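Chains as they are written, first to last, in our numbering: chain A, 6 to 214; chain B, 6 to 214.
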DNA sequence: TAGGAATCGATAAAAAAATATCGATTGAGG
DNA sequence: CCTCAATCGATATTTTTTTATCGATTCCTA
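See below:
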């Protein structure tokens, strides 16, 4: 993949550019310059130019800037949104069910096909998406070629659930469980600590004087 | 605040250390060395030592390492979890309601006091937490000294809701709305694009060969 | 049609962060 | 009680990321 040349930090900015550009496109803007983007997004213009140079399929035009629609396509391609991936939710609590029925994933090439829960009370379906008992995780995940798992169980159940996901062949896990979990080599784990994110936001805001 | 000397990247690692240490503490471990942490967390030992040196109130002991309990306290203090902050949820959909009743925030010094929604159908309460109509946002936020807002509305309502939050005196916003929103100077905004996070996870995992 | 203003992209410099190296310290084992 | 092995913390180096500078390009306007 040629993306290895793209810096990690830049990669994290891409989704933000994408949203910005979509907002501009919706407003009827055809061309946008690095300087404009930089100003609106509170970034340095040079940084924006460098980032865009990494993904833009055709160079920006002096005096005009970049074609918005074109840039959106380039970004989506660079981000891999044109690829289709099956995902599942493990832990059908409030948060898990929110993910299960959230319809915003499809634009990103992600299809949440099912949820799993250890409690029989949760088993059933929600908005047409099935909720299975945990025992069927491996069977369904293999059948549906699920490679991505969203972990939304209580902290004390996190490690066991995580192990089950790995066992089921899931290779990328996004965990919202408030616990430290280990995964074997070859499995990508990202932990989203919502409370910690909030807390860091507070201290960031506190620095604004 | 003396935290300005702490690197941004290190600050992001602190919550992960904290979780790890709590897991160790729960397992009865009293002392832990940088090398152990590094190995378990897939980091460089030097990096861990440097990070811990930033927060540890007393130096680590050669041959033993750091006192786990002590380190937990130091990290929590550095992260500001001992301060109390009031937060509110704007948008009482599935995701918003999940945040409203989530009981994991208190350990981080965050108290979610209420939710707001534009739809009268959502108004009421959930697990003792009130859900008010949007019109009362300013009144309640000011009364309860709410400085932190969690934005969980549909994309097309995001900017308006965000403006209302700013108007109500909220200075830090964590947005889960799939849209690009602008905030005035002095307001801290963090966007959590769940779908984009998932998508980035996929491509990260895809690089593992 | 020609000048000018603003943008681009490339190269270079600066800043930040991660990693490596090394002597000093200290608890454990003989 | 003394040696050994492992850890710490500090300094130095490398790598990564961001910011600055500058000539070339090209679209708008007169």
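C-beta atoms are modelled at their ideal positions from N, C-alpha and C, and glycine is treated no differently.
Treat the numbers as computed from the prediction; the structure is a model and nothing was measured.
Where residue 154 (chain B) falls: helix, strand or coil (DSSP): Counting from one through the second chain, the residue named residue 154 (chain B) turns up at place 149. The answer is strand: DSSP assigns residue 154 (chain B) an E or B state.
Along the alpha helix (DSSP H) that carries residue 13 (chain A), what are the first and last residues, could you check? By 1-based counting over the first chain, the position of residue 13 (chain A) is 8. Annotation: the continuous alpha helix (DSSP H) that includes residue 13 (chain A) extends over 13-31.
Does DSSP put residue 8 (chain B) in a helix, a strand or coil? In the second chain, the residue the question calls residue 8 (chain B) occupies position 3. Any reading at residue 8 (chain B) must be qualified, since the residue scores a pLDDT of 44, below 50, and its modelled position is unreliable; no value is offered.
Closer than 8 Å at the beta carbon, the chain B residues around residue 174 (chain A): Along the first chain, one-based indexing puts residue 174 (chain A) at 169. Those do not exist, as residue 174 (chain A) stays about 12 Å from chain B at its closest Cβ, beyond 8 Å.
Among the residues of its own chain, which have a CB less than 7 Å from the CB of residue 40 (chain A), if the five just before and after it don't count? Position 35 of the first chain, counted from the start, is the residue given in the question as residue 40 (chain A). Taken in chain order, the residues that qualify are 50.
May I have a chain-ordered list of the alpha helix (DSSP H) segments no shorter than 4 residues that lie completely inside the segment 139-213 of chain B? The qualifying runs are 142-148, 163-172, 199-211.
Residue-chain proximity (residue 200 (chain A), chain B), Cβ-Cβ < 9 Å: To locate residue 200 (chain A), count along the first chain from 1; it is residue 195. So yes, residue 200 (chain A) belongs to the interface.
Between the C-alpha atoms of residue 211 (chain A) and residue 54 (chain A), what's the straight-line distance to the nearest angstrom? Translated into the one-based positions of the first chain, residue 211 (chain A) becomes position 206. Translated into the one-based positions of the first chain, residue 54 (chain A) becomes position 49. One C-alpha to the other measures close to 31 Å.
Name the chain A residues whose beta carbon is nearer than 9 Å to that of residue 21 (chain B)? Sequence index remark: in the second chain, residue 21 (chain B) carries index 16 (1-based). Per Cβ cutoff of 9 Å: 185, 196, 198, 201.
Shorter than 9 Å from the beta carbon of residue 33 (chain A) to some beta carbon of chain B? Here the question's residue 33 (chain A) lines up with position 28 in the first chain. Judged by the 9 Å Cβ criterion, residue 33 (chain A) is not in contact with chain B.
So for residue 135 (chain A), helix, strand or coil by DSSP? Here the question's residue 135 (chain A) lines up with position 130 in the first chain. In this structure, residue 135 (chain A) counts as strand in the three-state DSSP scheme.
Alpha carbon of residue 43 (chain B) to alpha carbon of residue 186 (chain B), nearest angstrom: For the purposes of this step, residue 43 (chain B) is taken as residue 38 along the second chain, with counting starting at 1. For the purposes of this step, residue 186 (chain B) is taken as residue 181 along the second chain, with counting starting at 1. In a straight line, the C-alpha of residue 43 (chain B) is about 38 Å away from that of residue 186 (chain B).
Looking at C-alpha atoms only, which residue of B:86, B:110, B:75, B:127 is the closest neighbour of residue 99 (chain B)? Locating residue 99 (chain B) in the second chain gives position 94, where the first residue counts as 1. Taking only the C-alpha atoms, the option nearest residue 99 (chain B) is B:127.
Let's test the definition: count the other Cβ atoms within 10 Å of the Cβ of residue 27 (chain B) and tell me whether it reaches 16, buried, or not, exposed. One-based indexing of the second chain puts residue 27 (chain B) at position 22. By the beta-carbon neighbour count (other beta carbons within 10 angstroms, threshold 16), residue 27 (chain B) is buried.
So, does the segment 57-74 of chain B touch the segment 107-116 of chain B, judging by three or more C-beta pairs under 8 Å? With the cut-off at 8 Å, the segment 57-74 of chain B and the segment 107-116 of chain B do not touch.
Looking at residue 92 (chain B) and residue 153 (chain B), is the spacing between their C-beta atoms short of 9 Å? Indexing the second chain from 1 puts residue 153 (chain B) at position 148. Indexing the second chain from 1 puts residue 92 (chain B) at position 87. The answer is yes: Cβ separation under 9 Å.
Please list, in chain order, all residues of the same chain as residue 106 (chain B) whose beta carbon is under 7 Å from its beta carbon, the five residues on each side excluded. In the second chain, counting from the first residue as 1, residue 106 (chain B) sits at position 101. Here the set comprises 131, 132, 134.
Could you name the residues that DSSP lists as bridge partners for residue 91 (chain B)? Translated into positions along the second chain, residue 91 (chain B) becomes position 86. According to DSSP, residue pairing for residue 91 (chain B) in a beta bridge involves B:116, B:151.
Cβ distance (whole Å) where residue 200 (chain A) is taken to contact residue 110 (chain B) below 8 Å: Numbered from its first residue, the first chain carries residue 200 (chain A) at position 195. Numbered from its first residue, the second chain carries residue 110 (chain B) at position 105. With 8 Å as the limit, residue 200 (chain A) and residue 110 (chain B) qualify as a contact, their Cβ atoms being about 5 Å apart.
For residue 79 (chain B), is the classification buried or exposed, using 16 other Cβ atoms within 10 angstroms of its Cβ as the cut-off for buried? For this step, residue 79 (chain B) is matched to residue 74 along the second chain. So residue 79 (chain B) ends up on the buried side.
Can you list, in chain order, the residues of its chain with a C-beta nearer than 7 Å to that of residue 73 (chain A)? Leave out the 5 residues immediately preceding and following it. By 1-based counting over the first chain, the position of residue 73 (chain A) is 68. Excluding the 5 residues flanking it on each side, residue 73 (chain A) has same chain C-beta neighbours closer than 7 Å at 26, 29, 30, 34, 35, 36, 37, in chain order.
What residues from chain B crowd round residue 210 (chain A), counting only those whose CB sits closer than 7 Å? In the first chain, counting from the first residue as 1, residue 210 (chain A) sits at position 205. Those within 7 Å of residue 210 (chain A) in chain B are 176, 177, 193.
Can you list, in chain order, the stretches of the beta strand (DSSP E) that have 3 or more residues and sit fully within the segment 38-96 of chain A? Look at the segment 38-96 of chain A and you find these whole runs of beta strand (DSSP E), each 3 residues long or longer: 90-95.
Check whether the Cβ atoms of residue 182 (chain A) and residue 202 (chain A) sit closer than 9 Å, and answer yes or no. Within the first chain, numbered from 1, the residue matching residue 182 (chain A) stands at position 177. Within the first chain, numbered from 1, the residue matching residue 202 (chain A) stands at position 197. It is not a contact, given that the beta carbons lie outside the stated cut-off.
Identify every residue that forms a DSSP beta bridge with residue 98 (chain A). Taking the first residue of the first chain as position 1, residue 98 (chain A) is located at position 93. Residue 98 (chain A) is not bridged by DSSP to any residue.
Looking only at its chain, what residues have a beta carbon closer than 6 Å to the beta carbon of residue 123 (chain A), apart from the 5 residues adjacent to it on each side? On the first chain, position 118 is the one that residue 123 (chain A) refers to. Contacts found: 139.
Distance, residue 209 (chain A) Cα to residue 66 (chain B) Cα: Mapped onto the second chain, residue 66 (chain B) falls at position 61. Mapped onto the first chain, residue 209 (chain A) falls at position 204. Looking at the two C-alpha atoms, the distance is approximately 32 Å.
Assuming residue 176 (chain B) and residue 191 (chain B) are in contact, meaning their beta carbons sit under 8 Å apart, how far apart are those beta carbons, in whole angstroms? The residue given as residue 176 (chain B) occupies position 171 in the second chain. The residue given as residue 191 (chain B) occupies position 186 in the second chain. The Cβ separation is near 7 Å, so the contact holds.
I'd like the list of long-range same chain contacts for residue 97 (chain A), defined as Cβ closer than 6 Å, with 5 residues on each side in sequence excluded. Locating residue 97 (chain A) in the first chain gives position 92, counting from the first residue. Apart from sequence neighbours up to five positions away, the residues of its chain that approach residue 97 (chain A) with a beta-carbon distance below 6 Å are 120, 122, 127, 136, ordered along the chain.
Bridge partners of residue 122 (chain A), per DSSP? Residue mapping note: residue 122 (chain A) aligns to position 117 of the first chain, counting from 1. For residue 122 (chain A), which the question treats as bridged, DSSP gives the partners A:138.
So with CB distances below 9 Å, who are the chain A contacts of residue 71 (chain B)? Here residue 71 (chain B) refers to the residue found at position 66 of the second chain. Ordered by position in chain A, no residue passes the 9 Å Cβ test against residue 71 (chain B), which lies about 16 Å from the chain.
Since residue 196 (chain B) and residue 171 (chain A) should fall inside the 8 Å C-beta cutoff, what is the C-beta to C-beta distance between them, to a whole number of angstroms? Position 191 of the second chain, counted from the first residue, corresponds to residue 196 (chain B). Position 166 of the first chain, counted from the first residue, corresponds to residue 171 (chain A). Approximately 30 Å separates the beta-carbon atoms of residue 196 (chain B) and residue 171 (chain A); this is outside 8 Å, ruling out the contact.
Would you kindly work out how many angstroms separate the C-alpha atoms of residue 85 (chain A) and residue 88 (chain B), rounded to a whole number? The residue you call residue 85 (chain A) lines up with position 80 of the first chain. The residue you call residue 88 (chain B) lines up with position 83 of the second chain. Distance between the alpha carbons of residue 85 (chain A) and residue 88 (chain B) is about 41 Å.
Between the segment 106-126 of chain A and chain B, which residues of the former have a C-beta closer than 8 Å to a C-beta of the latter? Here the close residues are 106, 107, 109, 110, 112, 113, 114, 115.
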